[in-house]
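S.K.: Before I ask anything, let me first share the structure, which is written out below as structure tokens.
Numbering (my numbering), first residue to last: 58 to 473.
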């Protein structure tokens with residue numbers, strides 16, 4: 058699919074580029090052709106003017122430097138008949154019948170200037186006070202210049218086409234990279250979700266089949282029922298997280314972009330998780346600056362704080378202190394940090410820890426985690442135009458959330 062997408066991208070670009078190149082070089086060729094034709098016609102008129110002056114003075118003059126090798130001027134009477142001819146160049150003039158035929162063809166054509174294809178001659182009709190004239194010049198010079206201009210346009214067009222083709226290929230690779238990455242992540246997500254659902258389903262099916270066996274006593278059947286209930290709850294939790302992740306991916310609706318007391322949301326999350334952390338053998342130390350307001354969904358933003366506190370409680374070292382800190386770092390931004398002492402997180406894990414279904418150690422006990430919480434938190438924070446990241450240093454693992462403050466927060470800073 059990605060290769061077809063790249064090919065379509067390149068083809069679309071090259072169709073546009075080809076149309077532009079044809080239009081540009083076609084216009085250049087036509088402009089060159091019009092300019093050359095006008096230049097030749099002007100010179101032909103100058104030849105008539107020079108010949109007229111020469112005839113009136115009766116003096117011999119050297120031919121101008123711009124005279125063609127094969128050029129002659131026909132003088133016409135009022136009926137359009139040839140009454141005189143002036144030869145310029147070195148070739149002998151055609152016989153009289155041919156001159157009359159040329160004059161008749163030129164006059165019947167009706168245009169002021171054109172090329173007689175059968176004779177390789179360009180003619181130009183010129184009217185002067187002394188009479189009407191037809192100037193004929195060899196068109197091979199004009200045709201050679203036009204052919205040279207055409208080949209120049211073709212060569213330059215081919216070089217431009219090749220350059221744009223290379224640029225389009227490179228641009229297609231760059232433009233399709235996000236799609237390719239999203240496609241791979243989607244396939245990995247489907248595979249991981251299927252794997253996570255397959256395990257509890259297998260347990261449920263196995264225990265359900267054992268319940269149907271008549272050879273087990275009531276106590277064993279109660280054990281099978283507990284296993285089914287436990288796995289069903291895990292499946293429900295996983296499905297709820299998948300639905301939440303899908304809602305986060307859809308973005309926040311306009312109704313959810315409201316003013317949120319971020320300080321209160323964090324404080325409520327800390328209060329909610331203090332008993333949970335106490336049961337796990339941890340304590341919570343928090344400092345929350347009051348009055349910090351951001352824009353977003355109140356429930357989802359509090360869920361971010363809950364995810365970080367739950368994650369810290371699961372992986373913190375035994376009998377350690379989880380520190381929560383929320384404060385304004387600039388007049389326009391605030392920073393939430395959740396720190397816990399624990400096993401250091403490698404740089405590779407820090408780069409991947411917010412990916413879906415990612416666990417730093419898949420072999421260890423899950424503790425009810427499916428690797429979706431941090432991915433959900435990242436989606437919520439990104440939707441609020443914030444940033445979330447993790448750092449591990451000196452045995453302390455810290456998760457940071459930076460969010461933009463609303464204007465009220467900036468005014469409070471100035472008042473302080």
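The C-beta atom is built at its ideal place from N, Cα and C for all residues, glycine as well.
1) Starting from residue 335 and walking both ways along the alpha helix (DSSP H), at which residues does that stretch end?
2) Does the stretch 65 to 77 touch the stretch 195 to 203, meaning 3 or more C-beta pairs lie closer than 8 Å?
3) In angstroms, rounded to a whole number, what distance separates the CA positions of residue 80 and residue 223?
4) Measure how close the beta-carbons of residue 346 and residue 316 come, nearest whole angstrom, since I'm counting them as under 8 Å.
5) By a C-beta neighbour count over all protein chains shown, 10 Å radius and 16 as the cutoff for buried, is residue 147 buried or exposed?
6) Determine the burial state of residue 101: buried for a count of at least 16 other Cβ atoms within 10 Å of its Cβ, exposed for fewer.
7) What residue range is occupied by the uninterrupted beta strand (DSSP E) comprising residue 350?
8) Which residues in the same chain have their Cβ closer than 7 Å to the Cβ of residue 210, if we skip the five residues on either side of it in sequence?
9) If you measure between the beta carbons of residue 240 and residue 58, is that distance less than 8 Å?
10) What are the boundary residues of the alpha helix (DSSP H) that residue 439 is part of?
11) On the DSSP letters alone, give me the boundaries of the alpha helix (DSSP H) that residue 454 sits inside.
12) With DSSP collapsed to three states, give me the class of residue 410.
13) What does residue 183 pair with, by DSSP beta-bridge criteria?
14) Tell me, to the nearest whole angstrom, how far the beta carbon of residue 397 is from that of residue 410; I am working on the premise that it is less than 8 Å.
15) Can you list, in chain order, the residues of its chain with a C-beta nearer than 6 Å to that of residue 436? Leave out the 5 residues immediately preceding and following it.
16) What whole-angstrom Cβ distance do residue 358 and residue 457 have, given they're in contact under 8 Å?
17) Express the C-alpha separation of residue 271 and residue 445 in angstroms, rounding to a whole number.
M.R.: Straight from the coordinates:
1) Start at 1 with the first residue of the chain shown, and residue 335 comes out as number 278. Here the alpha helix (DSSP H) through residue 335 covers 319 to 336.
2) no
3) Residue 80 sits at position 23 when you count from the first residue of the chain shown. Residue 223 sits at position 166 when you count from the first residue of the chain shown. The alpha-carbon atoms of residue 80 and residue 223 are separated by roughly 21 Å.
4) Working through the chain shown from its first residue, we reach residue 346 at position 289. Working through the chain shown from its first residue, we reach residue 316 at position 259. Distance from residue 346 to residue 316 at the Cβ level is roughly 17 Å; contact not present, criterion being Cβ atoms closer than 8 Å.
5) By 1-based counting over the chain shown, the position of residue 147 is 90. Residue placement at residue 147 is flagged as unreliable, the pLDDT there being 49, under the threshold of 50; the coordinate-derived value follows with that caveat. It is exposed - the Cβ of residue 147 has fewer than 16 other Cβ atoms within 10 Å.
6) Working through the chain shown from its first residue, we reach residue 101 at position 44. With 16 or more other Cβ atoms within 10 Å, it is buried.
7) The residue given as residue 350 occupies position 293 in the chain shown. It spans 350 to 353 - the beta strand (DSSP E) in which residue 350 sits, taken as one unbroken run.
8) For the purposes of this step, residue 210 is identified with residue 153 of the chain shown, where counting begins at 1. Within the same chain, residue 210 has close Cβ partners 82, 85 and 86.
9) Residue numbering aside, residue 240 sits at position 183 when the chain shown is read from its first letter. Residue numbering aside, residue 58 sits at position 1 when the chain shown is read from its first letter. Yes. Within cutoff.
10) Taking the first residue of the chain shown as 1, we reach residue 439 at position 382. Per DSSP, residue 439 belongs to the alpha helix (DSSP H) from 430 to 440.
11) The count along the chain shown starts at 1 and reaches residue 454 at position 397. Segment 453 to 461 is the beta strand (DSSP E) holding residue 454; no alpha helix (DSSP H) there.
12) Counting from one through the chain shown, the residue named residue 410 turns up at place 353. In the structure shown, residue 410 sits in coil (DSSP, three-state: anything other than H, G, I, E or B).
13) Residue numbering aside, residue 183 sits at position 126 when the chain shown is read from its first letter. DSSP output for residue 183 lists 190 as bridge partner(s).
14) Counting from one through the chain shown, the residue named residue 397 turns up at place 340. Counting from one through the chain shown, the residue named residue 410 turns up at place 353. The Cβ separation is near 14 Å, so there is no contact.
15) Walking along the chain shown from the start, residue 436 turns up at place 379. 305, listed in sequence order.
16) On the chain shown, position 301 is the one that residue 358 refers to. On the chain shown, position 400 is the one that residue 457 refers to. Between residue 457 and residue 358 the Cβ distance is about 15 Å, and since that is not below 8 Å, they are no contact.
17) To locate residue 445, count along the chain shown from 1; it is residue 388. To locate residue 271, count along the chain shown from 1; it is residue 214. Approximately 54 Å, taken between the alpha carbons.
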